[in-house]
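So in the working numbering the end of the sequence shown lands on 234, straight run, no missing numbers.
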Amino acid sequence: MTILSAIQDACTSGIALDKPTSVVGSSTREHLELASIAQEMAEMIANSHEWEKFNTLATITGDGSTEDFDLPSDYDRMLTKSQLWSSSLETPLTPISDRDRWLELDIKSYDFVVNAWIKYGGQIHIKPALANAVTAKYWYQSDKIIVATDGTTTKTDITNDTDVFRLDERLLKLGVIWKWREMKGLSYAEDLNTYERLLAKRINQDKGSRMIRVGRVRFPDDISVAYPTSITG
Numbered sequence: 002m003t004i005l006s007a008i009q010d011a012c013t014s015g016i017a018l019d020k021p022t023s024v025v026g027s028s029t030r031e032h033l034e035l036a037s038i039a040q041e042m043a044e045m046i047a048n049s050h051e052w053e054k055f056n057t058l059a060t061i062t063g064d065g066s067t068e069d070f071d072l073p074s075d076y077d078r079m080l081t082k083s084q085l086w087s088s089s090l091e092t093p094l095t096p097i098s099d100r101d102r103w104l105e106l107d108i109k110s111y112d113f114v115v116n117a118w119i120k121y122g123g124q125i126h127i128k129p130a131l132a133n134a135v136t137a138k139y140w141y142q143s144d145k146i147i148v149a150t151d152g153t154t155t156k157t158d159i160t161n162d163t164d165v166f167r168l169d170e171r172l173l174k175l176g177v178i179w180k181w182r183e184m185k186g187l188s189y190a191e192d193l194n195t196y197e198r199l200l201a202k203r204i205n206q207d208k209g210s211r212m213i214r215v216g217r218v219r220f221p222d223d224i225s226v227a228y229p230t231s232i233t234g
């Protein structure tokens with residue numbers, strides 16, 4: 002389903018408008034509003050969850066001196082539990098969330114057992130610098146939520162009637178309906194409820210299957226257990 006067909010379906014099932022033959026580039030006010038709402042809803046849906054389809058792996062390669070690395074061009078946000086994993090270590094790099102703490106480490110020139118990192122200014126900063134050819138990998142969420150007319154090129158914005166939303170098109174259609182009705186001062190509570198139910202369903206489906214465990218769980222899934230390098234009696 003293209004962006005145009007999603008909007009056309011919205012017009013026939015929840016919006017009292019004739020089906021448009023085009024919305025992108027149209028000079029008709031309602032068509033421009035619908036195209037804008039479709040873009041807004043596509044971004045809203047994409048930001049509502051860490052969708053598997055947008056999960057992307059980034060690789061940083063050290064050269065022994067560089068400490069500052071630009072984020073990927075399609076970077077939207079880092080996943081909630083993302084860590085930087087180095088090819089030379091068996092543990093993730095140490096995240097520093099407090100910028101003042103990072104400044105303190107920089108000024109006092111601490112010797113790090115494990116490289117530390119922080120994200121600011123559109124870059125990931127690592128100190129000390131990764132050794133030559135050592136890599137650090139991390140997961141992030143891409144902002145390329147639209148597929149272009151050619152069916153392969155991904156992009157951030159709707160620029161053509163034949164563009165396709167990379168997630169559930171029906172969800173986009175329902176979003177266009179409730180958002181349009183809200184914008185026009187019409188009742189939209191039921192339409193919003195229908196949209197939110199489908200959104201919750203798609204999010205749950207996107208999480209995938211879960212392993213069934215019998216008995217007590219000794220450690221949470223996101224906990225790393227540290228073992229000593231040697232054990233003495």
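Note that the Cβ used here is the ideal one computed from N, Cα and C, for glycine as well.
Residue i versus residue j: straight-line alpha-carbon distance, rounded
i, j, result
"residue 3", "residue 125", "36 Å"
"residue 1", "residue 24", "The structure shown does not extend to residue 1, since the chain is modelled only from 2 through 234, so no value can be given for it."
"residue 40", "residue 203", "19 Å"
"residue 187", "residue 156", "32 Å"
"residue 210", "residue 106", "In this predicted model, residue 210 has a pLDDT of only 48, less than 50, meaning its place in the structure is not dependable enough to derive any value."
"residue 220", "residue 130", "For residue 220, the predicted model reports a pLDDT of 46, less than 50, meaning its position is unreliable and no value from the coordinates is stated."
"residue 191", "residue 184", "15 Å"
"residue 113", "residue 100", "17 Å"
"residue 80", "residue 26", "35 Å"
"residue 42", "residue 36", "10 Å"
"residue 212", "residue 57", "Caution is warranted here: a pLDDT of 44 is assigned to residue 212, below 50, making its placement in the model unreliable, and no coordinate value can be reported."
"residue 66", "residue 98", "23 Å"
"residue 60", "residue 19", "48 Å"
"residue 10", "residue 29", "18 Å"
"residue 88", "residue 170", "39 Å"
"residue 182", "residue 96", "44 Å"
"residue 208", "residue 70", "30 Å"
"residue 110", "residue 84", "23 Å"
DSSP bridge partner residues for residue i (one or two, in chain order)
i, result
"residue 118", "96 and 127"
"residue 79", "141"
"residue 148", "155 and 165"
"residue 13", "Bridge partners of residue 13: none, in fact."
"residue 87", "137"
Nearest-angstrom beta carbon gap, residue j and residue i [assumed within contact, 8 Å]
i, j, result
"residue 8", "residue 148", "Contact doesn't hold; Cβ gap of about 16 Å is too wide."
"residue 68", "residue 127", "6 Å"
Selected residue, minimal CA-CA separation from residue i, among the options
i, options, result
"residue 200", "168, 84, 157 and 22", "168"
"residue 137", "122, 121, 117 and 151", "117"
"residue 93", "44, 189 and 140", "140"
"residue 34", "108, 111, 60 and 16", "16"
"residue 62", "191, 134 and 127", "134"
"residue 73", "86, 143, 97 and 44", "143"
"residue 38", "195, 123, 158 and 53", "158"
Continuous beta strand (DSSP E) stretch holding residue i: start and end
i, result
"residue 58", "56-62"
"residue 71", "69-71"
Start and end residues, alpha helix (DSSP H) containing residue i
i, result
"residue 32", "30-48"
"residue 177", "170-184"
"residue 208", "It is not in any alpha helix (DSSP H) - residue 208 carries neither H nor E in the DSSP assignment."
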